[in-house]
Structures are given as C-alpha cells and as structure tokens.
Amino acid sequence: MKRLLAATGLATAVLFSAVTAQAATTLKLAHAAPESDLQQTLSVFFKEQVEARSNGELKVNIFPHGQLGSDSQMIDGARSGIIDIAMSGLNNFTGMLPEAGAFTLPFMFPDRETAYKVLDGEVGQGVSASMEQFGLKGLGYPENGYRNVSNNRGPVTTPADLDGVRMRVNNSKALNDMFDLLGANPQQIPVAELYTALETGVVDAQDHPIGVVLSFKFYEVQDYLTLTQHAYAPLALVMNLDKFNGLSEDEQKIITEVAAEAVAMQRELSIEKEEEMIAELEAEGMKVNRDVDSAAFQEAVKPVWQNFIDENGDALVNAILEASK
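For the sequence shown, our numbering begins at 1 and goes up steadily by one.
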C-alpha cells in the first residue's frame with residue numbers, strides 16, 4: 001500500500017509539474033542588434049524582470065542579431081504573431097505609418113530630453129495607439145541615439161564634404177532625401193549587410209548612432225567618424241496585440257511596467273556610456289571629428305522638411321514642434 005501511495009504521489013507531482021510548465025506563457029523577443037548592444041541589455045532586463053514578477057508564469061526568450069529576420073520581417077512577424085515582441089527603429093514602421101517619419105526628420109529634436117518628452121507624451125502615445133490598427137501594441141520608445149556619419153574619405157565638417165560620397169542609408173525617406181540633397185549617392189542596404197558593403201567598397205560611408213557603430217564593429221572598416229548628430233533615432237518596442245490582449249490584467253500590467261522601466265534604464269545607459277563608447281572607437285583607430293558646422297547643415301536640409309510635409313501633411317510635424325516647447 002505504501003508503495004502504491006508513493007507511486008501515486010510521484011505521479012501526481014509529475015502531472016502537476018507538467019501542468020504548471022504548460023501554464024507558463026513563453027514570449028519570443030527579437031531585435032537586430034548584436035548581443036554587445038544596449039538593445040540586448042534592455043532585452044535581458046525585460047526578460048529577468050518579467051519572469052521574476054510573474055513568478056515564472058511568463059517566460060521570455062531573446063533572439064538578438066536578426067536571428068528571426070530583418071527589421072521588416074521582425075515587424076511582420078510581430079503583426080502576425082510569429083514573434084511576440086519586436087524592437088526596431090521607428091523608421092522601420094513608416095511603411096504602415098508614413099507620417100511617423102516626422103520623428104526622424106533631420107534636426108527635429110535639439111536634445112534627448114526634448115525627444116523623450118515628445119515620445120513619452122501625448123504625441124508619441126498617439127502614434128503607439130495608431131499601431132493597434134496593424135495588430136501591434138506599443139510598449140515604448142527605447143533609444144538608438146543621434147545619427148552620425150562615418151566614412152573612409154575624411155572628416156565631415158560642412159555639407160560639401162559629403163559631395164559624391166556613396167552613402168548607405170536606411171529606409172527613412174527623409175534621410176534619403178537629405179543625403180541626396182547634400183550631393184551624396186544614397187543607397188539602401190540592410191544593416192545586416194552593411195559591414196560587408198563597407199568592407200568591399202560598395203559604399204564609402206554610413207550613418208548610425210554611436211552604439212551601433214561600436215556594436216557592429218564598423219570601426220574595422222571605417223576610418224573617420226563625425227559627430228553630425230543630424231537626426232535623432234528612436235526605437236519602438238512593440239508586442240503582438242492579440243497576444244497582449246490574451247494575457248491576464250496582472251500580466252499585462254507586468255509587461256507594460258517592466259517595458260517602461262527597461263526603456264528608462266536603456267536611455268540612461270545610452271547617455272552615460274556615450275563618451276566611453278567614443279573613446280573605445282578612438283582606441284580602435286577611428287578618427288573622431290567634433291568640428292561640425294551644424295548651422296550650415298540645418299540650412300541645407302530645410303527642403304527635406306518641406307518635401308515630407310508635401311507628402312504627409314504637417315499635422316504630426318506641428319504637433320511634435322508644439323510638444324517640444
């Protein structure tokens with residue numbers, strides 16, 4: 001009888017364990033950056049806090065460095081539910097919301113604090129709400145940072161220094177227009193292919209925030225970095241809307257609270273580590289130029305704003321400018 005009871009108890013424990021394991025919800029979180037990037041730091045923080053606060057009822061598996069596809073593929077995956085959570089540049093969502101390109105217009109935000117205020121406020125939250133029609137729940141806007149120009153030709157002090165440069169650009173039409181206007185030859189290349197394109201001379205130059213230049217090791221194939229800070233680049237952290245709505249209220253609260261904390265933490269680290277990252281790039285042999293005629297660049301790119309307004313209207317541009325005051 002004792003053996004029978006022991007066996008029955010063991011079977012019950014195994015069954016309970018199996019049911020508990022089945023009850024846990026596993027979320028797939030994907031981003032395109034290497035594991036050395038602050039996007040991964042944010043992801044690990046998110047994973048650890050969500051799992052801890054849900055007592056293991058929510059699990060998060062992280063897929064960095066484009067393991068689940070390009071930015072556009074990850075966004076499509078999040079919309080369809082193949083991926084639960086995706087983190088990507090806000091510019092990559094402009095196929096759905098073209099007007100959101102206003103956030104990445106050249107010289108839109110004079111400083112990070114202004115960008116945070118707008119993105120976290122009514123204007124940014126309005127864009128997040130608009131994502132729901134495409135099956136996405138906006139969880140926040142982490143930081144990619146200010147975009148800067150690297151190349152193999154020399155420092156970029158004035159707009160004329162970009163004349164004739166073969167420039168890799170992302171899918172932001174505003175930035176494509178900007179570099180075209182400045183006399184460069186812009187070419188769209190996925191970030192996963194950019195290192196090879198620079199190494200083989202397909203393009204001479206690229207623009208990315210400091211952290212991306214470091215984490216993707218572009219210093220190995222680029223000699224010069226100029227701190228043009230010509231556009232602020234926010235990320236967007238999004239979740240499949242049906243998946244989010246299928247969670248309990250407590251689980252939804254955990255997700256949204258941890259996401260907000262993760263964004264704040266990542267932004268703070270981005271600011272704290274920027275000079276350290278620049279020093280590391282210099283130690284790797286990059287020549288960093290801070291002598292930039294920003295006024296000349298801002299004057300030269302004014303037509304980019306008008307082109308954007310002609311195509312998308314001025315409602316969001318004016319809302320950002322008003323909220324920036």
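Even for Gly, the Cβ is constructed at its ideal location relative to N, Cα and C. All figures in this text were calculated on a predicted structure; none of them were measured in a lab.
With contact defined as three or more Cβ pairs closer than 8 Å, the segment 261 to 281 and the segment 205 to 220 are in contact. Annotation: Asp84 to Ser70 spans about 15 Å, alpha carbon to alpha carbon. Look at Gln67 here: in three-state DSSP terms it is coil, with no helix or strand label.
In this structure, the straight-line span from the alpha carbon of Met87 to that of Phe63 is close to 11 Å. Within a 10 Å sphere around the beta-carbon of Asn91 sit 16 or more other beta-carbons, which makes this residue buried.
In this structure, Ala283 sits away from Gly140, with a CB-CB distance that is not shorter than 7 Å. For the pair Lys47 and Ile254, the Cα-to-Cα distance works out to about 11 Å. When the five nearest sequence neighbours on each side are left out, the beta carbons in the same chain lying within less than 8 Å of the beta carbon of Pro234 are those of Gly89, Leu90, Phe103, Thr104, Ala115, Leu119, Tyr141, Pro142, Glu143 and Asn144, in order along the chain. Contact between the segment 274 to 293 and the segment 222 to 233 is present: three or more C-beta pairs spanning the two stretches fall below 8 Å.
The residues Ala323 and Ser324, in chain order, have a CB closer than 8 Å to that of Lys117 in the same chain once the five nearest residues on each side in sequence are set aside.
For Arg112, the enclosing alpha helix (DSSP H) starts and ends at Arg112 to Asp120. Straight-line measurement puts the Cα of His65 at about 7 Å from the Cα of Glu35.
With a cut-off of 8 Å on Cβ pairs, the segment 181 to 188 is in contact with the segment 150 to 168, counting three or more such pairs.
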